[in-house]
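Engineer: First, the structure itself, so that you have it in front of you.
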Amino acid sequence: MQALFLYNTLSRKKEEFKAINPPFVGLYVCGPTLYSDVHIGNCRTFTSFDIIYRYLLHLGYKVRYVRNITDVGHLENEDAGSGEDRIGKQARLKQLEPMEIVQRYSFGFREVMSLLNILPPSIEPTASGHIIEQIEMTQKIIEKGYAYVIDGNVYFDVDKFSKENNYGILSGRNLDDQLENTRDLDGQDEKRGRLDFALWKKAKPEHIMRWNSPWGEGFPGWHIECSAMSKKYLGDVFDIHGGGMDLIPTHHTNEIAQNIGFCGAAPVNYWLHTNMLTLSGQKMSRSLGNVFLPVELFTGMKLADDSPSATPSQAKLNGKHPLFDKAFDPMAVRFFMLQTHYRSTLDFSNDALMASEKGFDRLMESYKTLRSLPASNVSSEDIKALQNKCYEAMNDDFNTPVLIANLFDALRIINSVNDKKSTLTQADIGLLKKLYEDFLFDVMGLKAEEQNTKTVSVLGKVVDMVLGLRTKAKADKNFALSDEIRNKLIEAGVEVKDGKDGSSWKI
RNA sequence: GGUCCUGUGGCCGAGUGGUUAGGCUCAGCUCUGCAAAAGCUGCUACUCCAGUUCGAACCUGGACGGGACCUCCA
């Protein structure tokens, strides 16, 4: 097996991947906070880690992939002291139980993940299901002296921690800079240091989600859930932890501090971070309000203001979406995302999507051609070399754009063999099929648009019959009729291609 | 204000100190009754200025532009 290199945020370098206990690999990715619908920027992160997961599996690793669901503890304006739990707030506003909020959005989340063909993780733990683990971890951190209790709240002592450890090891920021250059904060309340963060929060009387703890009724802080759950399922030290880049300076920095505070060991060998998705050059985020939803992209329509849900199967739509000329198939969207490396920003636009979709269709079409390719005694093309290039691309920090470029080379070979301008042996055709199946389908997780097989088979016979009539018309030089047939078929969505050996068609 | 990232052809996007991915678009050609599809060819870029070097889009310094983080965010 060739060496796999991946970019480690800790070292800011590409490093060779060495699993702690091969063939097993522990992978943890920060999942969504289910207080509203996932937007397409969230989807990009999960798509990127889906590729990483799939490629590790393809290489033969036994991966335990843990992706959490945050259903409690994620506060707004935490530092201002006015923090309200995001889920709790939505529950209050909508007059629902917090778990109803979570249920609603988790349904939509799963549906979108499935549409994008993102594999489910091995374990998808929720924060609310691991309150005990979080309390235990918090207790241990207090015992070790890295956290303190004030009036029912527990805070992590960053100052104490950084005397023995590099708090900013992941972000590359030094503590003094962070202390001096934080924006003005009001309501610094009772914390000893301004960078201290909550492990446990005392619940105000109106707070809905609350649990008993040694420090009174309250709820866990946001960062502790990932430490507690990754430790529980992957151990004190595991291989890979991932998430969006925006989690580096706070969430992941604090996770490392908590784990070290807990057991003295840094929890993760490789930190992987995906870049942001932008819209006209600006980061897509809920706070900026420039988000659009997967269902809008997949339909080209705008979500109605009174839609009960943004879950694709349940959404109510209202009119054309201003950003998109048409509906984009989820697989075309996935392909579009993979044409950019996961550590680069990805700018979304209608034009870029259109371009990707066309390329994607050609690639899928070439797979059909591949399956009926004529074999020769000799090959004029080096398929083995192409296969190596595909592995090289993926082994170089999961470089899907280069992988895709290689697949387009394969496409050219296929078409040229089909045109009898090049030749391949049966063995090489088999190798090419394997190349497509391995990389296009297994690793990149792309698949052809699903079609009802019964419909297709009936329709196929009908179209073949019509094309038979058209061939007769052509033979009689009745081009008016043959063109009319062709135009009508195009109107119906059937594209006709006249080759030397008769006509073929595709939907 | 501080820290960091980034600037590639009409568009999207890889990339390495020396031979300049790939996709889309556009034009021409081949094929074709005409188209479409497919193939071939062309349009050949690296923000600007200076430096290092035999040689830089790639290294260094500066300028200008864009972005991220420092507050919740994938």
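Residue numbers in the first sequence follow my numbering, run continuously in steps of one, and reach 1034 at the last position.
For each residue, glycine too, the CB sits at the ideal point set by N, CA and C.
Owing to the predicted nature of the structure, the values given are computational and were not obtained by experimental measurement.
1) Return the chain-ordered ranges of every alpha helix (DSSP H) run that is complete within the segment 624–667 and spans a minimum of 4 residues.
2) Quick one: measure Cβ to Cβ for Tyr-682 and Ala-730, integer angstroms, because I've assumed they're closer than 8 Å.
3) Along the alpha helix (DSSP H) that carries Pro-857, what are the first and last residues, could you check?
4) Where do the ends of the alpha helix (DSSP H) carrying Leu-986 lie?
5) Given a threshold of 16 other Cβ atoms within 10 Å of its Cβ, counted over all protein chains shown, does Gly-791 qualify as buried or as exposed?
6) So, Ser-757 versus His-768, is the Cβ gap smaller than 9 Å?
7) Hey, how far is the Cα of Gly-1029 from the Cα of Ala-882?
8) Quick one: give me the first and last residue of the beta strand (DSSP E) that Pro-747 is part of.
9) Classify Asn-701 as buried or exposed, calling it buried when 16 or more other Cβ atoms lie within 10 Å of its own Cβ.
10) For Ser-575, count neighbouring C-beta atoms within 10 Å of its own C-beta (all shown protein chains included) and say buried if the count is 16 or more, exposed if not.
11) Only counting runs of 4 or more residues, tell me where the alpha helix (DSSP H) segments fall wholly within the segment 857–921, in order along the chain.
12) Assuming Val-552 contacts Tyr-588 (C-beta within less than 8 Å), just tell me the rounded distance between them.
13) Work out the CA separation of Gly-699 and Arg-710 for me, nearest whole Å.
14) For Asp-606 and Arg-619, I'd like the C-alpha separation in whole angstroms.
15) Should the segment 979–989 be regarded as contacting the segment 937–954, the criterion being three or more beta carbon pairs within less than 8 Å?
16) Which residue comes first and which comes last in the alpha helix (DSSP H) that contains Asn-786?
17) Using a Cβ distance threshold of 8 Å, determine whether the segment 862–877 contacts the segment 922–933, with at least three qualifying pairs required.
18) If we ignore side chains and look at the alpha-carbon of each, how far apart do Val-599 and Phe-825 end up?
19) Under 7 Å Cβ to Cβ from Gln-661, same chain only, skipping five residues before and after it: list those, please.
20) Report buried or exposed for Arg-813, applying the criterion of at least 16 other Cβ atoms within 10 angstroms of its Cβ.
21) Residues in the same chain with beta-carbon distance under 6 Å from Gly-771, minus the five sequence neighbours each way, listed in chain order, please.
22) Can you tell me which of Arg-737, Val-590, Pro-794 puts its alpha carbon nearest to the alpha carbon of Gly-762?
23) Compare the beta carbon distance of Leu-973 and Met-891 with 9 Å and say whether it is the shorter of the two.
24) Ordered along the chain, which non-local residues of its own chain (more than five positions away) have a Cβ less than 6 Å from that of Glu-782?
25) State yes or no: is the C-beta of Ala-920 within less than 9 Å of the C-beta of Asn-933?
Structural biologist: Straight from the coordinates:
1) Complete alpha helix (DSSP H) runs here, min 4: 625–642.
2) On the first sequence, residue 682 is found 155 positions in, with the first residue counted as 1. On the first sequence, residue 730 is found 203 positions in, with the first residue counted as 1. Not really, about 16 Å apart at Cβ, beyond 8 Å.
3) Counting from 1 along the first sequence, the entry for residue 857 is found at position 330. Per DSSP, Pro-857 belongs to the alpha helix (DSSP H) from 857–865.
4) Taking the first sequence and counting its residues from 1, one reaches residue 986 at position 459. Leu-986 -> alpha helix (DSSP H) spans 980–1002.
5) Here residue 791 is taken as the residue at index 264 of the first sequence, counted from 1. Its Cβ having fewer than 16 others within 10 Å, Gly-791 is exposed.
6) Working through the first sequence from its first residue, we reach residue 757 at position 230. Working through the first sequence from its first residue, we reach residue 768 at position 241. Yes, they are a contact pair.
7) Here residue 1029 corresponds to residue number 502 of the first sequence, with the count starting at 1. Here residue 882 corresponds to residue number 355 of the first sequence, with the count starting at 1. If you take the alpha carbons of Gly-1029 and Ala-882, they lie about 30 Å apart.
8) Residue mapping note: residue 747 aligns to position 220 of the first sequence, counting from 1. Segment 745–747, the beta strand (DSSP E) holding Pro-747.
9) On the first sequence, residue 701 is found 174 positions in, with the first residue counted as 1. By the neighbour-count rule (16 or more Cβ atoms within 10 Å), Asn-701 is not buried but exposed.
10) The sequence position of residue 575 within the first sequence is 48, counting from 1. Counting Cβ neighbours within 10 Å, Ser-575 comes out buried, since at least 16 surround it.
11) Those alpha helix (DSSP H) runs which fall completely within the segment 857–921 and span 4+ residues are 857–865, 877–898.
12) To locate residue 552, count along the first sequence from 1; it is residue 25. To locate residue 588, count along the first sequence from 1; it is residue 61. In this structure, Val-552 and Tyr-588 form a Cβ contact; the two beta carbons are roughly 5 Å apart against a cut-off of 8 Å.
13) On the first sequence, position 183 is the one that residue 710 refers to. On the first sequence, position 172 is the one that residue 699 refers to. Caution applies to Arg-710, whose pLDDT of 49 falls short of 50 and renders its modelled position unreliable; the value that the coordinates give is listed next. The alpha-carbon separation between Arg-710 and Gly-699 amounts to approximately 19 Å.
14) Taking the first sequence and counting its residues from 1, one reaches residue 606 at position 79. Taking the first sequence and counting its residues from 1, one reaches residue 619 at position 92. With a pLDDT of 45 at Asp-606, under the threshold of 50, the predicted position of this residue should be treated as unreliable, and no value is reported.
15) no
16) In the first sequence, residue 786 corresponds to position 259, counting from 1. That run of the alpha helix (DSSP H) goes 780–790.
17) yes
18) Position 72 of the first sequence, counted from the first residue, corresponds to residue 599. Position 298 of the first sequence, counted from the first residue, corresponds to residue 825. If I take the Cα positions, the gap works out to 30 Å.
19) As a first step, residue 661 must be located in the first sequence, where it is residue number 134. Excluding positions up to five away in sequence, the list reads Pro-747, Ile-751, Glu-752, Ala-755.
20) Within the first sequence, the letter at position 286 stands for residue 813. It counts as exposed.
21) To locate residue 771, count along the first sequence from 1; it is residue 244. Answer for Gly-771: Thr-572, Thr-801, listed in chain order.
22) Sequence index remark: in the first sequence, residue 762 carries index 235 (1-based). Closest option to Gly-762, Cα to Cα, is Pro-794.
23) Within the first sequence, residue 973 is the residue found at index 446, counting from 1. Within the first sequence, residue 891 is the residue found at index 364, counting from 1. Result yes, Cβ atoms of Leu-973 and Met-891 sit closer than 9 Å.
24) Looking up residue 782 in the first sequence gives position 255. Closer than 6 Å at Cβ, skipping near neighbours: His-750, Cys-753, Ser-754.
25) On the first sequence, position 393 is the one that residue 920 refers to. On the first sequence, position 406 is the one that residue 933 refers to. A contact, by the Cβ cut-off of 9 Å.
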